[in-house]
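So the structure is just underneath, and the comments pick up after that.
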Amino acid sequence: MENIANAVPAAPAIPTAPVADPPATRTPAIHTPGVPLPSLLSPAEFRHPQANREVLLGDAVVGYALVRARRRTIGFTVGADGLAVRAPSWVTLSAVDAALREKGDWILRKLSEARERQQRMEGGRIVWAHGAVLPYLGEPLTVVLDPSHGFTGKGGALVSAAPSSAPQVPGGAAPEGSAVAEARSLHIGLPHSASPAQIRDAVQAWLMRDARRHFTARLDHFAPLLGVRWASLRLSSAQTRWGSAKADGSIRLNWRLLHYRPAIIDYVVAHELAHLRVMDHSPRFWDTVATVVPDYAQLRGHLRDEPAPLW
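Here the numbering used here runs 6 ahead of the position in the sequence shown, where the first position is 1.
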């Protein structure tokens, strides 16, 4: 099953051959006696939080996390934390660095993309207070603290209100043919003195309930079109995966998908249901997805390029 997450996909593994150097049983860290490791790595343009090696790729110094693993090839992944490398114990450090330099352009491009994505996410971090705004089905949703209601059993209430007039622009007139979006707010039964954590938890509880409702409806819509039957739905809070499926019909979907517009959610739902017919990512799998979501490639790109807000 595919990891259709925010993280950048791993590069193809690079086959390696045994070398004459002595086998390494541990990953030696770069360290000069008397100099703290963070000081040595501080000039690096990109550095993994667990970095224990550095390599020069082009003009950039990259601090990466090297882990020895029982595998036959060198593999590396670029994610939000930076570059992580897994290599067999018998491969020398010089061979690891050479493999990274071979893929240097790809690594630097993905590191830059990951950094830009993280900056966009930080810029969209939600500030949990009365009037907080977060995306809901691709549109802004304003959080309203409403202590006059307890919303028993629901935790909150979604209120939609069409604006009384068209949006104003400099000059006072709305553009001809412009559409006026419906304003939506989520009323939560909390006092204005509620802490950010209380507000966040209340909003999350409501979103998770609504996610189950929305996902169930879309699973029921796509399953007969794909000729499959789903057995159960579980909500996920994973940071690096939007969904998964098992052959027994169990589906897991990340409730944070509710931040995205319905078409993107439909792609993920169809993707996981298609795995009940084809449990890999062969051309036959993507052909199956295309029967119900013809523009899946574009939607998949949007999911990758449009990060969900940080909580």
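All C-beta atoms in this analysis are idealised placements derived from N, C-alpha and C, irrespective of residue type, glycine included.
Problem set entry | Closest residue to Pro94 among Gly85, Val68 and Arg77 (Cα-Cα distance) | In the sequence shown, residue 94 corresponds to position 88, counting from 1. The residue with the shortest Cα to Cα distance from Pro94 is Arg77.
Exercise. Can you name the start and end residues of the alpha helix (DSSP H) that Ser100 belongs to?
Worked result: Mapped onto the sequence shown, residue 100 falls at position 94. According to the DSSP assignment, Ser100 belongs to the alpha helix (DSSP H) that extends over Leu99 to Glu108.
Problem set entry | Cβ pair Asp254, Ala229 closer than 8 Å | In the sequence shown, residue 254 corresponds to position 248, counting from 1. In the sequence shown, residue 229 corresponds to position 223, counting from 1. It is not a contact, given that the beta carbons lie outside the stated cut-off.
Exercise. What's the C-alpha gap between Arg306 and Asn260?
Worked result: Translated into positions along the sequence shown, residue 306 becomes position 300. Translated into positions along the sequence shown, residue 260 becomes position 254. One C-alpha to the other measures close to 15 Å.
Problem set entry | Contacts around Leu106, its chain only, beta-carbon distance under 6 Å, and the 5 residues preceding and following it disregarded | For the purposes of this step, residue 106 is identified with residue 100 of the sequence shown, where counting begins at 1. Answer for Leu106: Val61, listed in chain order.
Exercise. Rounded to whole angstroms, how far is the Cβ of Ile257 from the Cβ of Leu309, which I believe are closer than 8 Å?
Worked result: Looking up residue 257 in the sequence shown gives position 251. Looking up residue 309 in the sequence shown gives position 303. In fact, because the Cβ distance is near 17 Å, the residues do not count as touching under 8 Å.
Problem set entry | Separation of Asn58 from Gly137, as counted between CA atoms | The residue you call residue 137 lines up with position 131 of the sequence shown. The residue you call residue 58 lines up with position 52 of the sequence shown. Near 44 Å, if we compare the C-alpha coordinates of Asn58 and Gly137.
Exercise. Could you check where the beta strand (DSSP E) with His193 kicks off and where it finishes?
Worked result: Here the question's residue 193 lines up with position 187 in the sequence shown. Element bounds for His193: Ala189 to Ile194.
Exercise. By Cβ distance, which residues of its chain are closer than 7 Å to Met214, with the 5 residues on each side in sequence left out?
Worked result: The sequence position of residue 214 within the sequence shown is 208, counting from 1. Answer for Met214: Leu241 and Trp261, listed in chain order.
For this session: Just list the beta strand (DSSP E) runs in the stretch 206-269, keeping only unbroken ones of 3 residues or longer that don't cross its boundaries, in chain order.
Result: Listed in chain order, they are 238-242, 249-251 and 256-260.
Problem set entry | Leu151 beta carbon less than 8 Å from that of Leu140 | Numbered from 1 along the sequence shown, position 134 holds the residue referred to as residue 140. Numbered from 1 along the sequence shown, position 145 holds the residue referred to as residue 151. Cβ atoms of Leu140 and Leu151: not closer than 8 Å.
Exercise. By Cβ distance, which residues of its chain are closer than 8 Å to Leu279, with the 5 residues on each side in sequence left out?
Worked result: Taking the sequence shown and counting its residues from 1, one reaches residue 279 at position 273. Within the same chain, Leu279 has close Cβ partners Leu225, Phe228, Ala229, Leu232, Val234, Trp236, Ala251 and Ile257.
Problem set entry | Nonlocal neighbours in the same chain, by C-beta distance under 8 Å from Pro39, ignoring five residues either side | Within the sequence shown, the letter at position 33 stands for residue 39. Summary for Pro39: the model assigns pLDDT 39, below 50, so the residue's position carries little reliability, and this model does not support an answer.
For this session: Decide if the stretch 87-104 is in contact with the stretch 62-75; the criterion is three or more beta carbon pairs, one per stretch, under 8 Å apart.
Result: At 8 Å Cβ cutoff, the stretches touch.
Exercise. Distance, Cα to Cα, Met2 vs Thr294?
Worked result: Since the first residue shown for the chain is 7 and the last is 317, residue 2 is missing from the structure and cannot be characterised.
Problem set entry | Option in Pro55, Ala104, Leu99 and Ala75 with minimal Cα separation from Gly64 | On the sequence shown, position 58 is the one that residue 64 refers to. Of the listed residues, the one whose Cα sits closest to Gly64 is Ala104.
Exercise. In whole angstroms, what is the alpha-carbon distance linking Ile132 and Tyr142?
Worked result: Here residue 132 corresponds to residue number 126 of the sequence shown, with the count starting at 1. Here residue 142 corresponds to residue number 136 of the sequence shown, with the count starting at 1. Each residue's alpha carbon lies about 13 Å from the other.
Problem set entry | Separation of Glu122 from Arg74, as counted between CA atoms | The sequence position of residue 74 within the sequence shown is 68, counting from 1. The sequence position of residue 122 within the sequence shown is 116, counting from 1. The alpha-carbon atoms of Arg74 and Glu122 are separated by roughly 29 Å.
Exercise. Cβ of Ala90 within 7 Å of any heavy atom in the ligand SAM?
Worked result: No copy of the ligand SAM appears in this structure; indeed no ligand is present at all.
For this session: Out of His220, Pro202 and Pro313, state which residue places its alpha-carbon closest to the alpha-carbon of Thr246.
Result: The residue labelled residue 246 in the question sits at position 240 within the sequence shown. That would be Pro313, whose Cα lies nearest to the Cα of Thr246.
Problem set entry | Neighbourhood of Ser170 by C-beta, 6 Å cutoff - its chain only, sequence neighbours within 5 removed | As a working mapping, residue 170 is identified with position 164 in the sequence shown. Low per-residue confidence applies at Ser170: pLDDT is 48, beneath 50, and the placement is therefore not dependable, though the value from the model is reported in the following sentence. None.
Problem set entry | Gln124 versus Ser166: straight-line alpha-carbon distance, rounded | Position 118 of the sequence shown holds residue 124. Position 160 of the sequence shown holds residue 166. Taken atom to atom, the span from the alpha-carbon of Gln124 to that of Ser166 is near 32 Å.
Problem set entry | Glu145 versus Ala101 - alpha carbon distance | What you label residue 145 is simply residue 139 of the sequence shown in a count that begins at 1. What you label residue 101 is simply residue 95 of the sequence shown in a count that begins at 1. Cα to Cα, the separation comes out at about 49 Å.
For this session: Have a look at Ser6 and Trp96 and give me their C-alpha separation to the nearest angstrom.
Result: Beyond the ends of the chain as shown, which are 7 and 317, falls residue 6; an answer cannot be given.
Exercise. What is the DSSP secondary structure of Pro141, counted as helix, strand or coil?
Worked result: The residue you call residue 141 lines up with position 135 of the sequence shown. Here Pro141 carries a strand assignment [DSSP, helix/strand/coil].
Exercise. Is the distance from the Cβ of Ala337 to the Cβ of Leu282 below 8 Å?
Worked result: As shown, the chain starts at 7 and ends at 317. That puts residue 337 outside it, with no answer to give.
Exercise. Taking the beta strand (DSSP E) that Ala71 falls in, what are its first and last residues?
Worked result: Translated into the one-based positions of the sequence shown, residue 71 becomes position 65. Segment Ala66 to Arg74, the beta strand (DSSP E) holding Ala71.
Exercise. To the nearest angstrom, how far is it from the Cα of Arg219 to the Cα of Val274?
Worked result: Sequence index remark: in the sequence shown, residue 219 carries index 213 (1-based). Sequence index remark: in the sequence shown, residue 274 carries index 268 (1-based). Roughly 15 Å between the two C-alpha positions.
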